[in-house]
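Per full-length UniProt numbering, the very first residue in the sequence shown carries number 1; after that it's consecutive.
Everything below concerns the one structure shown next.
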Amino acid sequence: MTALSDGTSVDYEQARTFMDYYCHRFHFAAPEITYTNSDNTWETVMTVASRKLGMGIATSKKISLQRCYLDVVQYLEQCDPQLWKDFKEKASTGYTQNQRVTMNLTHDLQARIRDLIVDLRSSELYKNRPALASGTISDSITAMGTRYRVPNRSILSEKSQELRERQKQYNEDPSLERMRATRASLPVHSRSEQILSAIEANDVTVLMAATGSGKTTQVPQLLLDSFIEKGRGAQCNILCTQPRRLAALSVAHRVSNERGEQLGRSVGYVVRFEAKPPEPHGSINFCTIGVFLKMLQNALSEGRGQMDSITHVVVDEVHERDVDTDLLLVVLKRLLDDRKARNKPLKIILMSATIDPTLFRNYFPDDNNLPAPVIEVPGRTFPVQKHFLEDFLQNVSSGPSKWLFDEDNVVKYVIRELGIQALPPYVPLQKFDPVRINAESESEVDIPYPLIAATIAHVLSNSDSGHVLTFLAGWDDISAVQKILLNPPGPLSINFNDPKYSIHLLHSSVPLAEQQVIFDPPKDGVRRIILATNIAETSVTIPDVVYVVDSARLKEQRFDPEKHISSLVSAWVGSSNLNQRAGRAGRHRPGEYYGILSQKHAESLQPYQTVEMSRVDLSNVVMHIKALNFPGMSVEEVLEATIEPPQTDRVAAAMKTLQMVGAIDEHKNLTSLGRVLLQIPVDVQVGRLVLMGSFFRCLDQALTLAALLTTRDPFISPMHMKEVAAAAKNKWCPPGIKSDPLTALRAYNAWEEMQSTRQYQSANRFTIDNFLSKPTLVLIQKLKTHLLQSLYSAGVIDISAGGGLGDGSRYEIPPELNQNGDSMMLLASLIAISCQPKFAVRASDKIWRTQTEKATMIHPSSVNHPKHLEGNQDFSKQIVAFVEKRRNVSAGSGSSTFLVGTTRLEPLLFALFGAHKMEKEEQGLMLDNWLNLLGNLDSLDDIYDLRKYLDSCMTRVFEGIVMGGRKHRNLKVLPREEEEVSESGDDAIDDSRDYSLSSTEVKELDLLSRDLVNILNQYSSERGVDSVPATRPGTPLTRPGTPRFSGSGYPGSGYTTPFGHSHSQFNSRASTPTGRPWRRLQ
């Protein structure tokens, strides 16, 4: 702290903010900071516009920097007290100055950039660019030449007869007698006539069937069997949606077994990464909702009628209400109206065990505006005895398990749930403040993993048979509990390393083959412990589960449209979820439920979770809606038609994001880029990364980055080994560019090399030594294949490789598309593309400013966190891209906002690939209305022009890909939507013209990519030599002789006096106050 002339105390952060204001007000570059160290004493000197203003001396570099800033502010205020008053007035009104970063380019690099600009300006790509900057194409998707053809009657009659014969054989097969009896005993069968009659008489039927009723497996079979019995089996095609891949796959296996068939005959499934569809005409097909929406999208693009063969849509677990479910209901409502208008009936069945039927009934009224009918079916479950924390805490923590209360997170959790009186007398109460603990937000309270592990051990040690199903929020929680079970910090009542206990993990990242093991009988005497997320809450019935241990938590995605913060938080479940989880224990015999919360807390839970549509980013939902192309309805109208519409600000935020990415234009129509992105099964920002990675010939690395950014961080950080895990991660950080995604990329590449050469033992050891999650790595591998297939289907690979590759039926990466994979600067550019608009500029040692927030910090897990930086790192202005923001990610973090998944960016990369909007200003370029890029003006003009020509050429490329794809699929070639006459002056627009890319344009794309990568590599090489952080350039920021814009001359620029001008016309204000002689610092 230091005192000003009026007695005001100023701290270091205020001093930094004042200097930002000062430099911005008088158009100076950012202060230059120089350090010298002699005899363990640091001296820091600040220079502004080539003149030294102040200094600080201390025994540490950090403190000397702080003293330097305070010294300069004190000096400036003494020279001009009004300056400080002006600053305080601005600050009191919420003033925040734009951030300022300086960029230097060598003359050689600047010449290469100008050469590329000349080439682009004369290219066919640029000349043929659409007049609309976005490359908008008409939203019509009318198909041509791929009409759905209804099979003739003789084929349907033969198939119906075949199905009837198979049904007869099934009913007479003695080996299936037990299966038939089991099916007939389920409660749904006792109501079969009522169910079938209601479905026959109504377009929509709501089926409330309790847990254990058999609704998931039996309702589709009842429908198909009733058609088969009537001799119309081939006319019945049922599509059943499930909320998760595991549920769709396991239920399909179960139903095919019940019918005595091989999977893929009358029963099949289609899920992400895997598909085994049934034979056509007389089938039951299980899929996830996302896959069903994709089916509808493909059907619409290929022509009306492609979905007409579907006679029934069964939506199971409709109560889960994720965004896909809510969107599906809108789609089904429109599809129902369309089918009725064309006299092609469609039946919709909505099923759940826990549902508010009123909401769904009113959403689907019949022709007389009466609510859809409800059929209720009782369950067939056994009683489940519920135990809450107060019921078993003493038993769990007694004896050798007293160590539990040595764990602070267990003690704090017990205080929150039961009060301090619930703690045993040997706990040192002086360490804990109940008032502060109870005041902490839910997200600040750690889940008590040791207590959960001890509860599992207690359940097993007090019973002789039956498996234990444990519900946890996410993968980190599953990993933490598994680690404690196998290597507890204190004794447990069970040794989980004993072969008579088997631990299984149920999570979306675990390969399906590993998850399905739980459905097979274990070895005699083996008891299973299943650690699962809410993936096991519905649809899936795990054999012989008798005990449920429930953390009562789940992972919930939340998005703040104002702050652009998306976070995955651990939230409490609703009471309906808790009841569902408890019900899992009573499917086969009487069971027990152990809730890791108090009974009072359980009774106070909300009935249901907040629906996803009201808490997540809607960008992907908008893209889904655009792909489905609802006739005569805007996106806003479609979302308004959902069962519980989202808030308008969330819709507006999604639209703004998609316009920024370039997926939709200012009229909210899909652009050509948007149409290509629809075919890439990832978020639009990550989809752009994949596309540019293909064009810039670093495809394999781009696919890996996209998969990494789509999944969780493959690095794990066990609770008791965080420092060791961080060290293992940091050794993979690239030496030139500190980046979390690139760190994970390098580790993945090393693992994948071992996998691909069949060094499986070495690969497994590698994951352990480097604290990597093998399931996550395997998932990344699968995602890469999936993304590559989508690129081939979209026609991107063929264009990237110069044409002539065909459809890539083998789905391999052409070697020539990997030739730039070693360019770290290029890969950082791709990360910038994927992170738009998530960027931050360093404001102080630990504080980073984003476009919407003045103070954020790098997350401790990041390689860019200050604790991982070397001692001589400079704290000048730097830019980072980040994957997400998180709030309150751990206990004690207060309300801080953390940047997660960060990557250092050079200013050139941000300007060319990160910024959405670029405008020329007197002193440089304004990027996205908040970051000033300063430097030699000629260089900045070249960057501006290069970005302009790149964007125009890439718009033409995306248009060509879309048009070429339509031509290839024999679809109608759509006209451009031209708003203005092209530069050539041609007034006529020929809508019949072939707008697919010519061979010349494909070659130009190749040359463009090559030259741009060469520029990036040269920039990287030059930056590697110049280790000095970018500050003020060596040449004046204003051009000599003439102002940059008419009417904006030198006065007020702030750069005039330092360069020797003394005429009155330049005396707006010198770079330092004139009220005191210039200080000379030695």
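Where is the CB? At the ideal position from N, CA and C, for every residue including glycine.
Treat the numbers as computed from the prediction; the structure is a model and nothing was measured.
Buried or exposed by the 16-neighbour rule on C-beta atoms within 10 Å, applied to residue i
i	result
Thr325	buried
Asp665	buried
Phe388	buried
Ser861	buried
Pro1040	With a pLDDT of only 35 at Pro1040, under 50, the local geometry of the prediction cannot be trusted, and no value is derived from it.
Arg153	exposed
Thr455	buried
Gly7	exposed
residue 1088	For the chain, the structure presents residues 1 to 1082; residue 1088 sits outside this window and is missing.
residue 1083	Nothing can be reported for residue 1083: it is not among the residues displayed for the chain, which extend from 1 to 1082.
Leu429	exposed
Arg765	exposed
Ile716	buried
Residue closest to residue i, alpha-carbon to alpha-carbon, out of the options
i	options	result
residue 1124	Pro646, Ser800 and Asp951	No statement about residue 1124 is possible, as the shown extent of the chain runs from 1 to 1082 and does not include it.
Gly1024	Asn1014, Met825 and Pro488	Met825
Gly264	Ser283, Gly662 and Thr106	Ser283
Ile63	Phe26, Cys79, Glu77 and Glu13	Glu13
Leu830	Tyr811, Thr757 and Leu745	Leu745
Ser1020	Thr642, Leu249, Lys340 and Pro735	Pro735
Thr541	Arg16, Asp951, Arg254 and His859	Arg254
Leu554	Asn534, Asp367 and Glu752	Asn534
His312	Met692, Asp520, Thr241 and Ile833	Thr241
Arg589	Pro383, Lys523 and Arg650	Pro383
Ala422	Ala453, Glu390 and Gln430	Glu390
Reduced DSSP category for residue i - H, G, I as helix; E, B as strand; rest coil
i	result
Trp572	strand
Leu909	helix
Phe26	coil
Leu393	helix
residue 1090	With the chain covering 1 to 1082 only, the question about residue 1090 has no answer from this structure.
Tyr501	strand
Lys738	coil
Gly595	strand
Val900	strand
Arg100	strand
Asn770	coil
Thr710	helix
Glu556	strand
Tyr811	coil
Glu317	coil
Asp683	coil
Thr648	helix
Presumed contact (8 Å Cβ cut-off) between residue i and residue j, rounded CB distance
i	j	result
Val323	Met613	5 Å
Gln836	Gly960	No, Gln836 and Gly960 are not in contact; Cβ-Cβ is about 23 Å, not under 8 Å.
Asp550	Leu578	7 Å
Glu556	Gln606	The Cβ separation is near 12 Å, so there is no contact.
Val545	Arg587	7 Å
Gln99	Arg849	6 Å
Paired residues, beta bridge with residue i - DSSP
i	result
Glu43	Thr36 and Ile57
residue 1093	It is not possible to answer for residue 1093, since the shown part of the chain is limited to 1 through 1082.
Ala49	Paired residue(s): none; Ala49 is not in a bridge.
Asp308	None; Asp308 has no bridge partner.
Glu921	Gly924
Asn285	Leu239 and Gly268
Arg527	Tyr501
Met825	Looking at the DSSP assignment, Met825 forms no beta bridge with any residue, so it has no partner.
Lys885	Leu899
Asn932	Arg100 and Met926
Ile879	Val841 and Leu905
Ser952	Answer is none; Ser952 lacks a bridge partner.
Ser567	Arg558
Thr704	DSSP output for Thr704 lists no bridge partner at all.
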